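Residue numbers (our numbering): 228 to 294.
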C-alpha cells in the first residue's frame with residue numbers, strides 16, 4: 228500500500244473539514260480516500276464522494292481497536 232499525506236509540516240487541530248489521506252496499492256492504483264476530522268473518520272472507496280463515504284466516530288474506532 229502507498230499512503231500519502233500531501234502536506235503535513237505544521238501542528239494542526241483537526242476541525243470539521245479535516246485532512247484527506249489518499250490510498251493507493253503497490254501498483255499505484257487508486258483505492259480511496261480516508262478523511263479524518265474532529266468528529267471521526269470517513270472512508271471513500273474509489274470515486275465515492277465524501278457525502279457518500281462510510282463514517283465512523285472516534286469512539287467507534289477506539290472501541291473497534293480495543294476489542
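Where is the CB? At the ideal position from N, CA and C, for every residue including glycine. In this text, all values refer to a predicted model and were calculated from it rather than measured experimentally.
Exercise. Would a C-beta distance cut-off of 9 Å place residue 255 and residue 281 closer than the cut-off?
Worked result: Taking 9 Å as the Cβ cut-off, residue 255 and residue 281 do not qualify as a contacting pair.
For this session: Measuring alpha carbon to alpha carbon, tell me which of 290, 292, 277, 293 ends up nearest residue 259.
Result: 277
Problem set entry | Local conformation of residue 293 per DSSP, three classes | helix
Exercise. Among 286, 288, 289, 244, which has the Cα closest to the Cα of residue 264?
Worked result: Taking residue 264 as reference, the option from 286, 288, 289, 244 with the minimal CA-CA separation is 244.
Exercise. Where do the N-terminal and C-terminal ends of the beta strand (DSSP E) with residue 251 fall, by residue?
Worked result: 246-251
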